[in-house]
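Visitor:
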Amino acid sequence: MSECDKILDQLRSDNSEFVRDAAFVAGTEKIECAIPELIRHIQEGNLGVQEAADRALRAIRGEKSVQAVIPLLASEEAPIRNAAMDILREIAEDDLESVMSQLKSSDPDLRIFISDILGSTNSLFSVAPLCEALLKDQEVNVRYQAAVSLGELGFSDAADSLIQALDDEEWVQFSVIEALTKIGAAQTAGALVKALGKATPLVASMIVEALGEMGDLKIVPLLIEQMKSAPAPLQNKICKAVVQLLGDKALELLPSDKRSQFCSALLAALDDEDEQIQLAALRGLSTAKGAEATQKVMSTVATFNVDRDTDKLIAAVECLANIGCNSALLEVFQDDNELALRVAAEAVSRMSEGEMRKALPTIRAVFSDKGVFVQRDLITVLVKSANVSDELFFQNVLREHSDEMILKKALYFLGENSLHPESAEIVFEMLSHDSLEVKDAALEAAIAMDNEMLWIRFVSRVESDDPTERMMAVYALGKSRNDVHVELLKEALSDPVVDVRLVALEGLIALSPESATLIEQVKMLLHDANRD
Numbered sequence: 368m369s370e371c372d373k374i375l376d377q378l379r380s381d382n383s384e385f386v387r388d389a390a391f392v393a394g395t396e397k398i399e400c401a402i403p404e405l406i407r408h409i410q411e412g413n414l415g416v417q418e419a420a421d422r423a424l425r426a427i428r429g430e431k432s433v434q435a436v437i438p439l440l441a442s443e444e445a446p447i448r449n450a451a452m453d454i455l456r457e458i459a460e461d462d463l464e465s466v467m468s469q470l471k472s473s474d475p476d477l478r479i480f481i482s483d484i485l486g487s488t489n490s491l492f493s494v495a496p497l498c499e500a501l502l503k504d505q506e507v508n509v510r511y512q513a514a515v516s517l518g519e520l521g522f523s524d525a526a527d528s529l530i531q532a533l534d535d536e537e538w539v540q541f542s543v544i545e546a547l548t549k550i551g552a553a554q555t556a557g558a559l560v561k562a563l564g565k566a567t568p569l570v571a572s573m574i575v576e577a578l579g580e581m582g583d584l585k586i587v588p589l590l591i592e593q594m595k596s597a598p599a600p601l602q603n604k605i606c607k608a609v610v611q612l613l614g615d616k617a618l619e620l621l622p623s624d625k626r627s628q629f630c631s632a633l634l635a636a637l638d639d640e641d642e643q644i645q646l647a648a649l650r651g652l653s654t655a656k657g658a659e660a661t662q663k664v665m666s667t668v669a670t671f672n673v674d675r676d677t678d679k680l681i682a683a684v685e686c687l688a689n690i691g692c693n694s695a696l697l698e699v700f701q702d703d704n705e706l707a708l709r710v711a712a713e714a715v716s717r718m719s720e721g722e723m724r725k726a727l728p729t730i731r732a733v734f735s736d737k738g739v740f741v742q743r744d745l746i747t748v749l750v751k752s753a754n755v756s757d758e759l760f761f762q763n764v765l766r767e768h769s770d771e772m773i774l775k776k777a778l779y780f781l782g783e784n785s786l787h788p789e790s791a792e793i794v795f796e797m798l799s800h801d802s803l804e805v806k807d808a809a810l811e812a813a814i815a816m817d818n819e820m821l822w823i824r825f826v827s828r829v830e831s832d833d834p835t836e837r838m839m840a841v842y843a844l845g846k847s848r849n850d851v852h853v854e855l856l857k858e859a860l861s862d863p864v865v866d867v868r869l870v871a872l873e874g875l876i877a878l879s880p881e882s883a884t885l886i887e888q889v890k891m892l893l894h895d896a897n898r899d
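Numbering (my numbering), first residue to last: 368 to 899.
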């Protein structure tokens with residue numbers, strides 16, 4: 368018995384396991400005589416047998432497999448049709464002529480299926496019959512599917528036919544625009560812009576979105592020209608497309624005669640309900656000048672939901688920061704709207720030093736009148752942009768405020784910028800604050816000041832009865848960069864409190880010019896009760 372006969376006998380068996388095994392062998396060995404039986408099992412077998420037959424046909428491939436599967440597309444059972452389509456998507460290129468011939472069928476459903484399958488062939492030979500179907504088939508769904516498949520193939524040879532099809536029904540136009548976007552041929556962008564004038568609002572909207580994705584900068588003037596006669600929703604779409612094409616510096620890149628027109632359109636686009644359009648408008652306004660843009664952005668921010676509109680809030684902050692400090696932004700600080708205040712403060716904190724300093728007098732003036740959350744944002748701006756001339760303000764914050772975060776920021780500023788002895792006194796007093804975090808901030812500020820009076824006080828506190836005071840003093844002396852304190856730190860190595868011993872050791876390692884001098888003290892600590 369030949370191998371073919373043996374496989375056929377197994378495939379005709381009533382035992383599904385034998386059939387699956389035979390289908391596997393038929394696929395592996397590419398036994399073409401098994402194709403009719405495999406076709407039968409796809410239509411009649413149980414699910415496991417159908418899957419085995421499906422895999423075998425994909426493995427055997429060839430003209431005979433293609434020709435045997437095509438009739439299954441006419442099956443009245445959807446699972447069989449779907450299986451046949453999946454197989455042909457994979458193997459149709461083995462006999463494209465037989466597949467393409469079905470585009471002449473009188474059955475419109477079959478023509479739709481074939482149009483779909485040809486889109487998966489990755490063959491240039493599929494373009495011409497699909498273009499013919501796109502332009503000449505009487506069934507709208509065939510034309511729609513032909514356009515979809517031409518887009519999947521991605522050959523620029525289809526561009527001219529797709530452009531002609533822009534005059535088809537709206538349903539077909541959708542797939543044509545998407546296909547042209549995927550192909551991205553040189554003539555596509557201009558043709559789409561021309562189609563805008565006669566397109567329905569929905570199609571026009573889709574065209575503009577496609578143009579934004581294509582990246583053809585030459586169409587920007589044409590798009591802006593279209594804005595003159597476009598309805599407001601389409602104008603907003605055009606704004607988004609232009610910003611996609613030109614980026615954040617859209618306004619700067621436009622000719623002067625177009626800049627004002629486009630800026631006005633961007634301001635109007637902020638009112639659009641589409642989040643992506645609002646985001647694009649905020650990007651586009653980043654290079655706007657004057658208070659009008661700031662005022663409009665802030666009024667738009669007032670409509671945002673803090674929890675839901677995070678992306679838009681971030682974009683608004685970036686936009687305001689790029690526009691810079693102006694009268695409209697300073698007016699926000701006179702208001703009591705917490706969201707607006709916090710957005711404005713964050714925007715100022717991201718500006719250049721020169722722009723930030725413009726806002727300092729206003730921020731200092733309103734600081735005490737605001738709530739604690741706003742004050743936290745405001746002091747962040749002040750710490751970034753203030754200088755030694757603002758020292759008195761930060762001294763008053765330490766005297767009058769109780770919020771830990773605000774106190775820590777004020778301490779940081781004084782530590783980095785203070786020149787006045789009074790600031791050193793205030794910082795030293797904060798070492799006794801109830802909050803450990805504020806104590807730590809005060810300690811770091813005192814070290815950063817590098818003030819002789821403070822070093823004298825730390826030296827005296829090494830003998831304090833309070834272990835926390837001793838630990839802070841030893842820690843500070845270890846950070847002093849002055850080896851005159853080495854002997855005090857050596858004495859602290861025998862402190863009864865482990866934390867004091869630990870910071871003393873760390874300080875000695877940092878201060879001692881020669882590690883050899885520490886050997887004896889370190890040996891002693893190898894037997895310390897604390898592992899650290």
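Ideal placement from N, C-alpha and C gives every residue a C-beta, glycine not left out. All values reported here derive from a predicted model rather than from experimental measurement.
Applying the 10 Å Cβ sphere with the 16-neighbour rule, what's the burial state of F740?
Guide: Residue mapping note: residue 740 aligns to position 373 of the sequence shown, counting from 1. The residue is exposed, with fewer than 16 neighbouring Cβ atoms inside 10 Å.
Visitor: For a quick check, are the C-beta atoms of L844 and L860 less than 9 Å apart?
Guide: The residue you call residue 844 lines up with position 477 of the sequence shown. The residue you call residue 860 lines up with position 493 of the sequence shown. For L844 and L860, no; Cβs fall outside 9 Å.
Visitor: Of the residues I481, T488, Q762 and F480, which one's Cα is nearest the Cα of I458?
Guide: Residue 458 sits at position 91 when you count from the first residue of the sequence shown. Closest option to I458, Cα to Cα, is T488.
Visitor: Rounded to the nearest angstrom, what separates A567 and Q531 at their Cα positions?
Guide: Start at 1 with the first residue of the sequence shown, and residue 567 comes out as number 200. Start at 1 with the first residue of the sequence shown, and residue 531 comes out as number 164. Looking at the sequence shown, residue 567 is not Ala but Thr. In a straight line, the C-alpha of T567 is about 17 Å away from that of Q531.
Visitor: In the region 744 to 807, which residue ranges form an unbroken alpha helix (DSSP H) of at least 4 residues, counting only runs that do not cross its ends?
Guide: Correct list: 758 to 767, 771 to 784 and 788 to 796.
Visitor: Which term fits R387, buried or exposed, when burial requires 16 or more other beta carbons within 10 angstroms of its beta carbon?
Guide: In the sequence shown, counting from the first residue as 1, residue 387 sits at position 20. R387 is buried by the Cβ-count criterion.
Visitor: By Cβ distance below 8 Å, which residues in the same chain neighbour T395 in space, the five residues on each side in sequence not counted?
Guide: Residue mapping note: residue 395 aligns to position 28 of the sequence shown, counting from 1. Contacts found: A426.
Visitor: Using only CA atoms, which one of N754, L774 and A808 lies nearest to H787?
Guide: Taking the sequence shown and counting its residues from 1, one reaches residue 787 at position 420. Of the listed residues, the one whose Cα sits closest to H787 is N754.
Visitor: Please classify H408 as buried or exposed, where buried requires at least 16 neighbouring CB atoms within 10 angstroms.
Guide: By 1-based counting over the sequence shown, the position of residue 408 is 41. It counts as buried.
Visitor: Distance, Cα to Cα, M452 vs M467?
Guide: Walking along the sequence shown from the start, residue 452 turns up at place 85. Walking along the sequence shown from the start, residue 467 turns up at place 100. Their backbone Cα atoms lie some 14 Å apart in a straight line.
Visitor: Please return the same chain residues whose Cβ sits closer than 8 Å to the Cβ of A791, not counting the five positions on each side in sequence.
Guide: Numbered from its first residue, the sequence shown carries residue 791 at position 424. Within the same chain, A791 has close Cβ partners S785, A813, M816, N818, M820 and L821.
Visitor: Can you tell me where the alpha helix (DSSP H) with N449 in it begins and where it stops?
Guide: The sequence position of residue 449 within the sequence shown is 82, counting from 1. Segment A445 to I458, the alpha helix (DSSP H) holding N449.
Visitor: Between L708 and the rest of its own chain, which residues show a CB-CB distance below 6 Å, the 5 nearest in sequence each way excluded?
Guide: To locate residue 708, count along the sequence shown from 1; it is residue 341. Same-chain partners within the cutoff: V741.
Visitor: So, using beta-carbon positions, are K679 and L634 closer together than 9 Å?
Guide: In the sequence shown, residue 679 corresponds to position 312, counting from 1. In the sequence shown, residue 634 corresponds to position 267, counting from 1. Against a cut-off of 9 Å, the Cβ pair of L634 and K679 comes out as no contact.
Visitor: Please classify Q701: does DSSP put it in a helix, a strand, or coil?
Guide: Position 334 of the sequence shown, counting from 1, holds the residue named residue 701. Q701: coil per DSSP, three-state reduction.
Visitor: Which one of L875, L892, I886 and V851 has the shortest CA to CA distance from V865?
Guide: The residue given as residue 865 occupies position 498 in the sequence shown. For the residues L875, L892, I886 and V851, the minimum Cα distance to V865 belongs to L892.
Visitor: Specify the secondary structure class of I398 as computed by DSSP and reduced to three states.
Guide: Counting from 1 along the sequence shown, the entry for residue 398 is found at position 31. Coil.
Visitor: In this structure, does DSSP put E857 in helix, strand or coil?
Guide: As a position in the sequence shown, residue 857 is number 490, starting the count at 1. Note that residue 857 is Lys in the sequence shown here, rather than Glu. Residue state, collapsed to three classes: helix.
Visitor: Identify, in the order they occur along the chain, each residue of the same chain with its Cβ nearer than 6 Å to the Cβ of E836, setting aside the five sequence neighbours on each side.
Guide: If you number the sequence shown from 1, residue 836 lands on position 469. Same-chain partners within the cutoff: R828.
Visitor: What residue does the alpha helix (DSSP H) around V507 start on, and which one ends it?
Guide: Position 140 of the sequence shown, counting from 1, holds the residue named residue 507. Note, V507: alpha helix (DSSP H), V507 to L520.
Visitor: For L455 versus L440, is the C-beta spacing smaller than 9 Å?
Guide: Indexing the sequence shown from 1 puts residue 455 at position 88. Indexing the sequence shown from 1 puts residue 440 at position 73. Cβ distance < 9 Å, so L455 and L440 count as in contact.
Visitor: By the 10 Å Cβ neighbour count, where 16 or more other Cβ atoms means buried, how is S493 classified, buried or exposed?
Guide: Reading the sequence shown from its first residue, position 126 is the one you call residue 493. Classification of S493: buried, given that the 10 Å Cβ count is 16 or more.
Visitor: Please look up how many angstroms separate the CB atoms of L589 and V560, rounded, as I've assumed it's under 8 Å.
Guide: Counting from one through the sequence shown, the residue named residue 589 turns up at place 222. Counting from one through the sequence shown, the residue named residue 560 turns up at place 193. Right, the Cβ-Cβ distance comes to about 5 Å (below 8 Å), so this counts as a contact.
Visitor: Mark I823 as exposed unless 16 or more other C-beta atoms lie within 10 angstroms of its C-beta, in which case mark it buried.
Guide: Taking the first residue of the sequence shown as 1, we reach residue 823 at position 456. Result: exposed.
Visitor: Find out if the Cβ-Cβ distance for the pair M718, G691 is shorter than 9 Å.
Guide: Counted from its first residue, the sequence shown places residue 718 at position 351. Counted from its first residue, the sequence shown places residue 691 at position 324. It is a contact, given that the beta carbons lie within the stated cut-off.
Visitor: Where do the N-terminal and C-terminal ends of the alpha helix (DSSP H) with E830 fall, by residue?
Guide: Residue 830 sits at position 463 when you count from the first residue of the sequence shown. E830 -> no alpha helix (DSSP H), and no H or E assigned at all.
Visitor: Look at the alpha carbon of T747 and the alpha carbon of I591, and state the distance between them as a whole number of angstroms.
Guide: Walking along the sequence shown from the start, residue 747 turns up at place 380. Walking along the sequence shown from the start, residue 591 turns up at place 224. Computed Cα separation, rounded: 41 Å.
Visitor: Just to check my reading of the structure: L378 and E399 have Cβ atoms closer than 8 Å, yes? What is that Cβ distance to the nearest angstrom?
Guide: The residue you call residue 378 lines up with position 11 of the sequence shown. The residue you call residue 399 lines up with position 32 of the sequence shown. Not confirmed; about 13 Å, so no contact.
Visitor: Pop quiz: V610 and A647 are said to be a contact at Cβ under 8 Å. What is the actual Cβ separation, rounded to whole angstroms?
Guide: Locating residue 610 in the sequence shown gives position 243, where the first residue counts as 1. Locating residue 647 in the sequence shown gives position 280, where the first residue counts as 1. Their Cβ separation, rounded to whole angstroms, is 4 Å, which keeps V610 and A647 in contact under 8 Å.
Visitor: E545 to G564, Cα distance in whole Å?
Guide: Here residue 545 refers to the residue found at position 178 of the sequence shown. Here residue 564 refers to the residue found at position 197 of the sequence shown. Cα-Cα distance, rounded: 18 Å.
Visitor: Ignore the nearest five residues each way along the sequence and tell me which others in Y447's own chain have a CB closer than 7 Å to its CB.
Guide: Translated into positions along the sequence shown, residue 447 becomes position 80. According to the sequence provided, residue 447 is Ile. The question's Tyr does not apply to it. The residues are I409, Q410 and L439.
Visitor: Return yes when the Cβ of A423 is within less than 9 Å of the Cβ of F385, no when it is not.
Guide: On the sequence shown, position 18 is the one that residue 385 refers to. On the sequence shown, position 56 is the one that residue 423 refers to. Not in contact: F385 and A423 (Cβ atoms no closer than 9 Å).
Visitor: Helix, strand or coil: how does DSSP classify Q554 here?
Guide: In the sequence shown, residue 554 corresponds to position 187, counting from 1. The answer is coil: DSSP assigns Q554 none of H, G, I, E or B.
Visitor: Give me the residue from I586, L601 and K656 with the minimum Cα distance to K616.
Guide: Translated into the one-based positions of the sequence shown, residue 616 becomes position 249. Here the closest residue by C-alpha is K656.
Visitor: Just the Cα atoms here: how many angstroms apart are R675 and I681?
Guide: Translated into positions along the sequence shown, residue 675 becomes position 308. Translated into positions along the sequence shown, residue 681 becomes position 314. For R675 and I681, the distance between alpha carbons rounds to 12 Å.
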